[in-house]
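Engineer: Okay, handing you the structure first.
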Amino acid sequence: MHYSQVVAEGSMEGLKKIFDHISQNAQIKIIRNVTPAMVMVRHRDSVEGTPFYMGEAFVLECEVEVDRNLGYGCVLGYEPERAFYAAVVDAVLGSGHKLSDQIKPMIDDLEKALYSLWEQEAARVASTRVNFDVKKG
Amino acid sequence: MGYVAVQGGTDAIENSEKLSNYLRLKGKSLPLTVKQIQDQLRFLVDRVMGEGSLYSPFHAALAIKQSEGDPLEAAFYIRAYRSTLKRIVDTLPLNMQEQRITRRISSAFKDIPGGQILGPTQDYKQRMLDFSLVEEDEEAMHKALSDYEAELKPKPIGEKGFVKVVDILKSQGLVKEAARETEEAAADITKESVAFPADRSSSLQMLSRSETGGVLALAYSSMRGYGSIHPTIAELRVGHVPVRIPHPFRENETVTIGSIQVTEAEILAKFESCGQDEKPYFTLGYGCCFGCNEVKAISMAVLDRTMKEEKADAPAQDQEFVLMHTDGIESSGFCAHFKLPHYITFQSDLDRLRATQEKKSKKEVKTGENINDL
Numbered sequence: 001m002h003y004s005q006v007v008a009e010g011s012m013e014g015l016k017k018i019f020d021h022i023s024q025n026a027q028i029k030i031i032r033n034v035t036p037a038m039v040m041v042r043h044r045d046s047v048e049g050t051p052f053y054m055g056e057a058f059v060l061e062c063e064v065e066v067d068r069n070l071g072y073g074c075v076l077g078y079e080p081e082r083a084f085y086a087a088v089v090d091a092v093l094g095s096g097h098k099l100s101d102q103i104k105p106m107i108d109d110l111e112k113a114l115y116s117l118w119e120q121e122a123a124r125v126a127s128t129r130v131n132f133d134v135k136k137g
Numbered sequence: 138m139g140y141v142a143v144q145g146g147t148d149a150i151e152n153s154e155k156l157s158n159y160l161r162l163k164g165k166s167l168p169l170t171v172k173q174i175q176d177q178l179r180f181l182v183d184r185v186m187g188e189g190s191l192y193s194p195f196h197a198a199l200a201i202k203q204s205e206g207d208p209l210e211a212a213f214y215i216r217a218y219r220s221t222l223k224r225i226v227d228t229l230p231l232n233m234q235e236q237r238i239t240r241r242i243s244s245a246f247k248d249i250p251g252g253q254i255l256g257p258t259q260d261y262k263q264r265m266l267d268f269s270l271v272e273e274d275e276e277a278m279h280k281a282l283s284d285y286e287a288e289l290k291p292k293p294i295g296e297k298g299f300v301k302v303v304d305i306l307k308s309q310g311l312v313k314e315a316a317r318e319t320e321e322a323a324a325d326i327t328k329e330s331v332a333f334p335a336d337r338s339s340s341l342q343m344l345s346r347s348e349t350g351g352v353l354a355l356a357y358s359s360m361r362g363y364g365s366i367h368p369t370i371a372e373l374r375v376g377h378v379p380v381r382i383p384h385p386f387r388e389n390e391t392v393t394i395g396s397i398q399v400t401e402a403e404i405l406a407k408f409e410s411c412g413q414d415e416k417p418y419f420t421l422g423y424g425c426c427f428g429c430n431e432v433k434a435i436s437m438a439v440l441d442r443t444m445k446e447e448k449a450d451a452p453a454q455d456q457e458f459v460l461m462h463t464d465g466i467e468s469s470g471f472c473a474h475f476k477l478p479h480y481i482t483f484q485s486d487l488d489r490l491r492a493t494q495e496k497k498s499k500k501e502v503k504t505g506e507n508i509n510d511l
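Just so you know, the protein sequences line up as chains U and D, in that order.
Our numbering puts the last residue of the first sequence at 137; the count rises by one with no breaks.
Our numbering puts the last residue of the second sequence at 511; the count rises by one with no breaks.
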């Protein structure tokens with residue numbers, strides 16, 4: 001899973017820990033504050049392959065520099081801190097910053113926790129699997 | 138009939154707004170939080186997001202609170218808010234094979250690859266009021282939650298991807314493999330006015346942001362026989378799919394910005410053949426919308442298919458009729474405009490009616506005189 005997805009969907013608590021670690025060991029400069037915007041959701045129908053737009057999705061985006069390495073954060077939903085943290089993580093992991101080696105295991109942990117949540121959800125969904133018997137006569 | 142501009146009435150309008158707010162608050166119940174609406178009124182939130190054409194559960198929940206639960210009004214707020222935001226980029230096309238499925242059923246086949254997954258459905262509930270909800274408190278909610286969480290052990294998600302029913306039918310030659318459109322760019326009705334006949338890209342965009350009741354009414358008219366296509370649900374899926382955008386300053390890199398929930402429906406419809414010598418095939422319809430809204434996705438798929446009829450004999454087959462009458466913001470806005478002052482045009486109607494009545498009365502008197510003369 002790409003780190004941007006982990007940051008976009010992982011727990012805020014875990015993400016805050018990652019941010020704290022970066023902020024204690026590097027200089028963070030905000031280039032563009034967290035700003036609301038939209039992205040247009042593009043899709044292709046599965047019947048004829050026609051491309052079409054389903055509608056827009058609300059996002060928050062942000063740009064930062066971490067020790068002069070540029071980072072971009074963009075996340076769905078209304079969580080300003082998450083957009084900011086996403087930009088900070090992108091600046092570190094996307095540019096090969098010296099903190100990358102320390103941050104990657106933390107992202108891995110966040111991913112595992114996220115995956116675990118999905119597994120719980122998968123178990124609940126799987127419990128609704130059905131095999132109806134067709135009535136005879 | 139046209140409306141006229143009026144002025145004044147500021148105090149009355151302000152008082153009217155205060156009165157509305159008073160009616161919302163006078164029961165002195167606890168404030169309804171946006172989070173509560175987001176968590177506990179999921180279907181309403183999804184409907185408002187879809188019809189407002191902006192995926193954002195937070196803003197949809199806020200709009201529901203502000204509109205006091207009126208879905209049309211809430212969708213209107215969302216559509217208006219949407220117009221204040223900058224659109225930064227198009228996403229990459231959604232990849233449904235990555236969807237984390239929460240529901241997947243087929244009414245065409247009992248056994249489908251991966252099995253039928255009911256998911257969190259209300260379909261098998263008796264439609265009886267649950268009076269225990271009246272007494273529901275925090276303790277009861279926490280207990281229900283912890284009991285349920287203790288019941289299940291996590292299960293490996295397994296391999297991503299699934300075989301679609303439609304693809305199986307295509308491989309068996311029962312559904313015609315449509316010539317895939319190669320054009321990458323999608324039409325955008327928010328930038329260019331739609332012209333009829335509309336291309337399918339515009340049509341699908343309009344349907345995906347249409348009002349649930351509107352598409353249901355027209356799809357139902359087809360189901361009842363007015364332009365029937367005999368639909369069967371090949372597959373209905375609900376799930377979360379990741380959304381990606383290009384990285385703005387790193388070429389060939391993408392950013393996954395999170396996941397959205399979508400409902401997707403593929404329907405099989407009556408079979409047809411193009412020529413006398415050609416084999417007949419099932420025809421297909423497609424529906425897809427934001428959130429969990431099965432009625433809308435199915436209705437959209439039905440209408441996608443009905444509108445393909447070459448000769449429109451029923452409203453559901455007439456593309457312009459369907460697409461121009463199913464947008465909730467357009468239709469409710471037009472309906473609401475009748476509440477605006479129409480004094481002058483109505484006065485004109487009154488004048489004409491009175492003149493016609495007077496003319497008619499004179500004629501009757503004249504006719505009556507003639508009869509009396511006889």
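Heads up, the beta-carbon is just placed ideally off N, CA and C, and yes, glycines get one too.
1. Compare the C-alpha of Gln234(D) against each of Gln494(D), Lys499(D), Gly350(D), Arg374(D) and name the closest.
2. Shorter than 9 Å from the beta carbon of Phe19(U) to some beta carbon of chain D?
3. Tell me which same chain residues have a C-beta within less than 7 Å of the C-beta of Ile249(D), skipping the five on either side of it?
4. Please tell me whether Val182(D) and Met54(U) are closer than 9 Å, where the distance is taken between their beta carbons.
5. List the residues that DSSP assigns as beta-bridge partners of Gln253(D).
6. Between the alpha carbons of Gly364(D) and Ile397(D), how many angstroms are there, rounded?
7. Answer yes or no: do Arg237(D) and Glu56(U) have a C-beta to C-beta separation smaller than 9 Å?
8. Pull up the CB-CB distance for Ala148(U) and Asp90(U), whole angstroms please, since I reckon it's below 8 Å.
9. Would Met360(D) pass as a contact of Val439(D) if the rule is Cβ separation under 9 Å?
10. Since Val92(U) is in the alpha helix (DSSP H), which residue starts that stretch and which ends it?
11. Compare the C-beta of Leu341(D) with all C-beta atoms of chain U and state if any pair is closer than 9 Å.
12. Go through its chain and collect everything with a Cβ distance to Leu99(U)'s Cβ below 7 Å, but skip five positions before and after it.
13. Using a Cβ cut-off of 9 Å, which residues of the segment 252 to 263 of chain D contact any Cβ in chain U, in chain order?
14. Starting from His2(U), find everything on chain D with Cβ-Cβ shorter than 7 Å and list it in chain order.
15. Is there contact between the segment 250 to 265 of chain D and the segment 402 to 412 of chain D, where contact requires at least three CB pairs shorter than 8 Å?
16. Please report the straight-line C-alpha distance between Arg44(U) and Val378(D), rounded to a whole angstrom.
17. Tell me which residue opens and which closes the alpha helix (DSSP H) that Phe246(D) is part of.
18. Measuring CB to CB, does Ile435(D) end up less than 9 Å from Ala356(D)?
19. Taking Lys247(D) as the query, report the chain U residues whose CB atoms sit under 7 Å from its CB, ordered along the chain.
20. Along the chain, where does the beta strand (DSSP E) that runs through Leu76(U) open and close?
21. Please report the straight-line C-alpha distance between Ala200(D) and Pro417(D), rounded to a whole angstrom.
22. In whole angstroms, what is the alpha-carbon distance linking Gly481(D) and Cys472(D)?
23. At a Cβ threshold of 9 Å, is Arg68(U) touching chain D?
24. For Leu76(U), go through chain D and note every residue whose CB falls closer than 9 Å to its CB, in chain order.
25. Sorry if obvious, but does the Cβ on Val331(D) come closer than 8 Å to a heavy atom of the ligand GTP?
26. Would you mind reading off the limits of the beta strand (DSSP E) that contains Gln398(D)?
27. If you measure between the beta carbons of Glu188(D) and Gly395(D), is that distance less than 9 Å?
Structural biologist: Once the coordinates are examined:
1. As a position in the second sequence, residue 234(D) is number 97, starting the count at 1. When each option's Cα is compared against that of Gln234(D), the closest is Arg374(D).
2. What you label residue 19(U) is simply residue 19 of the first sequence in a count that begins at 1. No, its Cβ sits nowhere closer than 9 Å to a Cβ of chain D.
3. Here residue 249(D) refers to the residue found at position 112 when the second sequence is read from its first residue. For Ile249(D), same chain residues with a beta-carbon under 7 Å away, outside a window of 5 residues either side, are Ser243, Val302 in chain order.
4. In the second sequence, residue 182(D) corresponds to position 45, counting from 1. In the first sequence, residue 54(U) corresponds to position 54, counting from 1. The answer is no: Cβ separation not under 9 Å.
5. Along the second sequence, one-based indexing puts residue 253(D) at 116. BP columns for Gln253(D) point to Val130(U).
6. Translated into positions along the second sequence, residue 364(D) becomes position 227. Translated into positions along the second sequence, residue 397(D) becomes position 260. Rounded to the nearest angstrom, the gap between the Cα atoms of Gly364(D) and Ile397(D) is 34 Å.
7. Counting from 1 along the second sequence, the entry for residue 237(D) is found at position 100. Counting from 1 along the first sequence, the entry for residue 56(U) is found at position 56. Note that the C-beta distance between Arg237(D) and Glu56(U) is not below 9 Å.
8. This structure leaves residue 148(U) out entirely; chain U is present only between 1 and 137.
9. The residue labelled residue 360(D) in the question sits at position 223 within the second sequence. The residue labelled residue 439(D) in the question sits at position 302 within the second sequence. The answer is yes: Cβ separation under 9 Å.
10. The residue you call residue 92(U) lines up with position 92 of the first sequence. Its alpha helix (DSSP H) spans residues 80 to 93.
11. As a first step, residue 341(D) must be located in the second sequence, where it is residue number 204. Judged by the 9 Å Cβ criterion, Leu341(D) is in contact with chain U.
12. In the first sequence, the residue the question calls residue 99(U) occupies position 99. Answer for Leu99(U): Ile22, Asn25, Ala26, Val92, listed in chain order.
13. Gly252, Gln253, Ile254, Leu255, Gly256, Pro257, Thr258: these are the residues of the segment 252 to 263 of chain D whose beta carbon lies less than 9 Å from some beta carbon of chain U, given in chain order.
14. The sequence position of residue 2(U) within the first sequence is 2, counting from 1. Proximity of chain D to His2(U) at the Cβ level (cut-off 7 Å) is accounted for by Thr393, in chain order.
15. No, they do not touch.
16. Within the first sequence, the letter at position 44 stands for residue 44(U). Within the second sequence, the letter at position 241 stands for residue 378(D). One alpha carbon belongs to Arg44(U), the other to Val378(D), and they sit about 13 Å apart.
17. Here residue 246(D) is taken as the residue at index 109 of the second sequence, counted from 1. Following the DSSP letters along the chain, one finds Phe246(D) in no alpha helix (DSSP H), marked with neither H nor E.
18. Reading the second sequence from its first residue, position 298 is the one you call residue 435(D). Reading the second sequence from its first residue, position 219 is the one you call residue 356(D). Cβ distance < 9 Å, so Ile435(D) and Ala356(D) count as in contact.
19. For the purposes of this step, residue 247(D) is identified with residue 110 of the second sequence, where counting begins at 1. Those within 7 Å of Lys247(D) in chain U are Phe132, Val134.
20. One-based indexing of the first sequence puts residue 76(U) at position 76. Note, Leu76(U): beta strand (DSSP E), 69 to 76.
21. For the purposes of this step, residue 200(D) is taken as the residue at position 63 of the second sequence. For the purposes of this step, residue 417(D) is taken as the residue at position 280 of the second sequence. Taken atom to atom, the span from the alpha-carbon of Ala200(D) to that of Pro417(D) is near 48 Å.
22. Counting from 1 along the second sequence, the entry for residue 481(D) is found at position 344. Counting from 1 along the second sequence, the entry for residue 472(D) is found at position 335. As written in the sequence, residue 481(D) is Ile, which differs from the Gly given in the question. For Ile481(D) and Cys472(D), the distance between alpha carbons rounds to 19 Å.
23. Against the first sequence, residue 68(U) aligns to sequence position 68. At a cut-off of 9 Å between beta-carbon atoms, Arg68(U) makes no contact with chain D.
24. In the first sequence, the residue the question calls residue 76(U) occupies position 76. Residues of chain D passing the Cβ test: Tyr192, Ser193, Val380, Ile394, Gly395, Ser396, Ile397.
25. This structure lacks the ligand GTP; in fact it carries no ligand of any kind.
26. Walking along the second sequence from the start, residue 398(D) turns up at place 261. It spans 391 to 409 - the beta strand (DSSP E) in which Gln398(D) sits, taken as one unbroken run.
27. Working through the second sequence from its first residue, we reach residue 188(D) at position 51. Working through the second sequence from its first residue, we reach residue 395(D) at position 258. Judged by beta-carbon spacing, Gly395(D) lies beyond the 9 Å limit of Glu188(D), meaning their Cβ atoms are not closer than that value.
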